[in-house]
Amino acid sequence: MIENLNNLERTHSCGALRKEDAGQCVTLMGWCARRRDFGPLTFIDLRDRDGITQIVVNQEKAANAHAKAKEVRGEYVLAAIGEVVLRDKNARNPKLATGDVEIQATEMIILNDARTLPFQLDASDEALASEDLRLKYRYLDLRRPELQANLRLRHRMVLEINRYMDEQGFMQIETPNLIKSTPEGARDYIVPSRVQPGKFFALPQSPQIFKQICMIAGLDKYYQIARCFRDEDLRADRQPEFSQLDVEMSFATPEQIYELVEGLCARIFRLIGVKLQTPFPRFNFAEVMRRFGSDKPDLRIPAMELQDFSSALAETTFGPYASVLSAGGEVKGIVVSGGASMSRKTLDELQEFAKRYGATALAWIKLGDELSSSLLKALGTDKVIDIAGLAGAQKGDGVLIVAGKSSIVAASLGALRNEVARRENLIPEGLFAPLWVTDFPMFEFHEDDGRYYSMHHPFTSPLDEDVPLFERAVNGETQLFGEIRAKAYDTVINGVEVAGGSIRIHRRDVQQLVFKALGMTDEMARARFGFFLDALAYGTPPHGGIASGIERTLMVLVPTENIRDVMAFPKTASAQDLMIDAPGEVDAKQLEELHLKIVQD
Ligand code: ASP
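Shown next as structure tokens:
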């Protein structure tokens, strides 16, 4: 029978009681995580967000409470009143913070019942129900202590960010969500206007333009934990809406931003008991791509840097390599320590893996008791030994080799470096390896439509020394666009890009040139960004900033590979909320009010 709470109040949470509390009379409330019956004794594990406390109900001492305890099923909501008693030595549970004690209940109140759950909450990781089912019943999945701990860490991290940013003199300013497109390289989510027929708002991909306008407005040091909306293909570390610590500062130098972010990271990592070494090492983009094949290298992985074999193969008559090299491509490889023992199966799997990143083939050398290599026939034994030596491979090692366009060679070897490290367990647990990546290219070429796009966003300033190059590129030498470097920087920790930002363009003429470089006519630039170009003309201070993904950072802290583990109400990979069943249809009246018609194809 369900009873009322009336004025009954909890005295403690389910995670609070210790042996020092023995003798106290307490009232606990929570969910029945487990019930065990032993004739006249019934045990209930009572759970709330703080922990679990064992309740014992004894038929002889509390017949009424015992009868009620017998009715209790999993996830019933209960209040238990009774005395805290020390458990017998052999009955203590060292796995529970409250495991030295239990409550001898004198009274039990059933506050609510619960249907049988669609899945088990205390299953082991491997036995957990499918994620789709858990997302549909997110309110149940969230009762799991693992997810509760992640959300608690999230809360503490955001609290720490707020404290730190305030201490550093930053002011929190909220920017609107119903705006015009802010380009960050994804599609916009758009919202139709009811009062302005045929017009649409775009949800911010980031508050970028607004935070720059805050600088023009003299608001100086700005920050916000901002919600961002990006309609893009989802990956394990992406969600259509997410939060970021968004920062902007007037008269900023890159050094000031680096120091600010390093200080912040150090504070945040203290929350998990880690002392992060500052300053972080710095690498420019060209260097990380050359050495690690990635603009977010995982520096926890020992060595396995990319080795270039192009010059050793300059004279090769082996067709595939000769044609790659004559087309300006590269032949590079990585040494896998102990890799001589890689099986055929492993090599086949790694080949398939590399192909996902555009590699046409994966060649290999194994320095086992005998030399073996997929290249022996093509290059001859001497050349293969040469290459292995050049790579610095020792007896017992393996070498994995990719040839092709330099972007493909980097992408596939960079990914292989991570994959091999994962398979071979080369990544030490509990290690955190932060770094800065600087001087990103300003533009990147997209082959599909044959034009340049901003690598960061169009408000990023070129490096001072590359401005002449930029002017030449805009004036017709378009092949130079790919060489211009930007004052852009990313913070990377353990192979995850946790923050990214830049020093901005504060001159209207330079901003106009960038829009032009991106293929926008003056009219197009005015239509999209006229308000911003105007604002730039009214005394814009030099400024710069950065944004750091809250979820990405938490994924490193927890750690987890699944972004949904660090959000309360995430969406699926197909951008759906399975719990509330969104996106959904709207009724005809709403469509009419919004001046919209659905066209079926
Ligand atoms: N607006 C950028 C982003 O969201 C960050 C920045 O440049 O500050 O990635």
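Residues in the sequence shown are numbered from 2 upward in steps of one, following our numbering. Each residue gets a CB set at the ideal place from its N, CA and C atoms; glycine is no exception.
Whole-number beta carbon distance between residue j and residue i, since they are thought to touch under 8 Å
{"i": "R418", "j": "I302", "result": "6 Å"}
{"i": "L481", "j": "Q512", "result": "Not quite, the Cβ-Cβ distance comes to about 19 Å (not below 8 Å), so this is no contact."}
{"i": "C229", "j": "Q245", "result": "6 Å"}
{"i": "L29", "j": "L9", "result": "11 Å between Cβ atoms; not a contact."}
{"i": "Y490", "j": "T573", "result": "Rounded, the Cβ-Cβ distance is 33 Å, inconsistent with contact."}
{"i": "L326", "j": "A315", "result": "7 Å"}
{"i": "M443", "j": "R486", "result": "6 Å"}
{"i": "G16", "j": "G52", "result": "2 Å"}
{"i": "L595", "j": "P193", "result": "4 Å"}
Separation of residue j from residue i, as counted between CA atoms
{"i": "I409", "j": "I428", "result": "25 Å"}
{"i": "D1", "j": "Y190", "result": "Residue 1 is absent from the structure shown; the chain starts at 2 and stops at 602."}
{"i": "D387", "j": "G294", "result": "23 Å"}
{"i": "M568", "j": "A379", "result": "52 Å"}
{"i": "E260", "j": "G329", "result": "39 Å"}
{"i": "D133", "j": "D123", "result": "17 Å"}
{"i": "P146", "j": "E350", "result": "36 Å"}
{"i": "A355", "j": "A422", "result": "14 Å"}
{"i": "G546", "j": "K222", "result": "9 Å"}
{"i": "A23", "j": "D49", "result": "20 Å"}
{"i": "P571", "j": "D578", "result": "7 Å"}
{"i": "R35", "j": "V57", "result": "12 Å"}
{"i": "R424", "j": "M305", "result": "14 Å"}
{"i": "F310", "j": "L368", "result": "17 Å"}
{"i": "T12", "j": "R155", "result": "27 Å"}
{"i": "N476", "j": "K181", "result": "30 Å"}
{"i": "T361", "j": "A404", "result": "8 Å"}
{"i": "S324", "j": "I402", "result": "16 Å"}
{"i": "R268", "j": "R144", "result": "28 Å"}
Test item: CB-CB of residue i and residue j under 8 Å
{"i": "Y454", "j": "E445", "result": "yes"}
{"i": "D238", "j": "M580", "result": "no"}
{"i": "V27", "j": "V78", "result": "no"}
{"i": "G383", "j": "G340", "result": "Here residue 383 turns out to be Asp, not Gly, going by the sequence shown. No, the Cβ-Cβ distance between D383 and G340 is not below 8 Å."}
{"i": "V600", "j": "S549", "result": "no"}
{"i": "Q240", "j": "M250", "result": "no"}
{"i": "V385", "j": "L391", "result": "no"}
{"i": "L414", "j": "I335", "result": "yes"}
{"i": "K71", "j": "T54", "result": "no"}
{"i": "E448", "j": "F243", "result": "no"}
{"i": "H544", "j": "M216", "result": "yes"}
{"i": "R88", "j": "V102", "result": "yes"}
{"i": "I3", "j": "L112", "result": "yes"}
Counterpart residues of residue i in DSSP-defined beta bridges
{"i": "F444", "result": "S455"}
{"i": "P113", "result": "At residue 113 the sequence reads Asn, which differs from the Pro that was named. Bridge partners of N113: V78."}
{"i": "H544", "result": "S251"}
{"i": "I180", "result": "A203"}
{"i": "R598", "result": "Checking the sequence, you will find Lys at residue 598 rather than Arg. Partner(s): none; K598 has no beta bridge."}
{"i": "F243", "result": "C229"}
{"i": "L87", "result": "V102"}
{"i": "L29", "result": "A81"}
{"i": "A487", "result": "P463"}
{"i": "D38", "result": "T43"}
{"i": "M172", "result": "Y223"}
{"i": "P435", "result": "I494"}
{"i": "V475", "result": "V475 pairs with nothing; no bridge assigned."}
{"i": "S311", "result": "DSSP output for S311 lists no bridge partner at all."}
{"i": "S374", "result": "I366"}
{"i": "D238", "result": "The partner list for D238 (beta bridge, DSSP) is empty, contrary to what the question assumes."}
Helix, strand or coil at residue i according to DSSP, with G and I counted as helix
{"i": "D221", "result": "coil"}
{"i": "L464", "result": "coil"}
{"i": "Q121", "result": "coil"}
{"i": "L47", "result": "strand"}
{"i": "P193", "result": "strand"}
{"i": "M305", "result": "coil"}
{"i": "N94", "result": "coil"}
{"i": "G531", "result": "helix"}
{"i": "K367", "result": "strand"}
{"i": "P321", "result": "helix"}
{"i": "S131", "result": "coil"}
{"i": "P282", "result": "coil"}
{"i": "V262", "result": "helix"}
{"i": "A355", "result": "helix"}
{"i": "G340", "result": "helix"}
{"i": "I56", "result": "strand"}
{"i": "D167", "result": "helix"}
Proximity test, residue i beta-carbon vs the ligand NAP heavy atom, cut-off 7 Å
{"i": "Q245", "result": "The ligand NAP is absent from the structure shown, which contains only the ligand ASP."}
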